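Here's the structure, in structure tokens; my notes come after.
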Amino acid sequence: MKKLPRSFYSRSAPHVAKDLLGKILVRRIGHTTLSGKIVEVEAYLGKKDPASHAYRGKTRRNEVMFGEGGHLYVYFTYGMHFCANVVTGKKDVGEAVLIRAIEPLDGIELMKRKRGFTDVRHLQGARHLNKLTNGPAKLCEAFGIKQQENGTDLRGDELFVIEGESPKSPIGTSTRIGITRGKEKKWRFFLKGNEWVSR
DNA sequence: TAGTTGATCGTCT
DNA sequence: GACGATCAACTAA
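If you want this note's numbering, it's the 1-based position in the first sequence plus 577.
Quick look at the structure:
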């Protein structure tokens with residue numbers, strides 16, 4: 578399957594967000610490949626969206642958001658977590674899509690190790706497996722995405738997105754999670770009924 | 001099961 | 001100096 582073209586990312590954030598559902602995020606670490614299906618996303622617009630990091634204009638922290646679409650914006654928050662965003666739109670627009678949840682496909686054992694799933698309790702039963710990547714900070718930990726990956730081109734060879742099957746389950750829409758400003762906008766999209774969607 | 005809280009620090013005011 | 005696009009552990013019922 579092939580990598581998504583630059584033109585896929587150069588559209589507005591809500592469009593890209595919806596279309597990212599069902600696509601496959603691929604991460605290569607050494608000789609190991611991790612991959613997973615994107616099942617939950619949120620769109621963050623630029624200067625017009627008070628919930629967006631880009632709301633107050635470009636700073637050193639958010640400068641990647643103002644770059645060309647198709648790059649990864651990684652930020653550090655709550656003193657201990659990373660979150661991954663796909664930058665969308667043209668240069669200087671400042672839009673991005675937060676990847677909130679993923680359904681693991683390849684490299685599950687390595688993801689478990691990265692998440693610290695060593696306890697026997699975690700190994701038995703698929704019941705606990707969904708805790709692996711059902712949240713923005715969790716999937717970053719599972720995929721080894723850190724500050725270092727900020728600005729990565731998603732059409733490179735270590736971190737990229739490829740076509741998947743077009744999603745069979747219907748797409749749900751809701752308000753975004755964990756924000757206090759601009760919370761009325763329905764810019765969260767997810768695959769209805771998918772086990773890996775957060776909450 | 002719902003609700004509360006501690007952890008922990010870069011960024012902006 | 002306050003707070004945040006979070007998570008996990010804890011409490012109460």
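Think of the CB as a built atom: it goes at the ideal place given N, C-alpha and C, for glycine as much as any other residue.
From a predicted model like this one, the values you see are computed outputs, not experimental measurements.
With a Cβ-Cβ cutoff of 7 angstroms, do residue i and residue j count as a contact?
i	j	result
residue 600	residue 721	no
residue 656	residue 623	no
residue 654	residue 593	no
residue 675	residue 613	no
residue 773	residue 591	no
residue 778	residue 616	No answer is possible for residue 778: the residues shown for the chain start at 578 and end at 776.
residue 579	residue 737	no
residue 760	residue 719	no
residue 744	residue 649	no
residue 551	residue 735	Since the first residue shown for the chain is 578 and the last is 776, residue 551 is missing from the structure and cannot be characterised.
Around the Cβ of residue i, are there at least 16 other Cβ atoms within 10 angstroms (buried) or fewer (exposed)?
i	result
residue 688	buried
residue 608	exposed
residue 626	buried
residue 633	exposed
residue 646	buried
residue 684	buried
Starting from residue i, trace the alpha helix (DSSP H) both ways and give me its first and last residue.
i	result
residue 586	583-586
residue 691	685-691
To the nearest angstrom, report how far apart residue i and residue j are at their CA atoms.
i	j	result
residue 610	residue 731	15 angstroms
residue 710	residue 716	4 angstroms
residue 618	residue 749	11 angstroms
residue 621	residue 775	18 angstroms
residue 540	residue 766	Summary: the structure shown does not reach residue 540, with the chain confined to residues 578 through 776, and so no result is reported for it.
residue 582	residue 769	27 angstroms
residue 678	residue 587	22 angstroms
residue 707	residue 667	35 angstroms
residue 757	residue 629	11 angstroms
residue 595	residue 739	15 angstroms
residue 642	residue 635	8 angstroms
residue 713	residue 726	15 angstroms
residue 644	residue 729	11 angstroms
residue 746	residue 631	32 angstroms
residue 851	residue 651	Outside the shown range of the chain, which is 578 to 776, sits residue 851, and nothing can be said about it.
residue 589	residue 669	13 angstroms
Please state the DSSP three-state secondary structure of residue i.
i	result
residue 579	coil
residue 592	helix
residue 601	strand
residue 627	coil
residue 747	coil
residue 720	helix
residue 643	helix
residue 680	strand
residue 779	Past the edges of the chain, shown from 578 to 776, lies residue 779, and the structure says nothing about it.
residue 707	helix
Tell me which residue opens and which closes the beta strand (DSSP E) that residue i is part of.
i	result
residue 732	It is not in any beta strand (DSSP E) - residue 732 carries neither H nor E in the DSSP assignment.
residue 614	609-621
residue 765	765-768
residue 694	Residue 694 -> no beta strand (DSSP E), and no H or E assigned at all.
residue 649	649-654
residue 636	Segment: none, residue 636 is in no beta strand (DSSP E) and carries neither H nor E.
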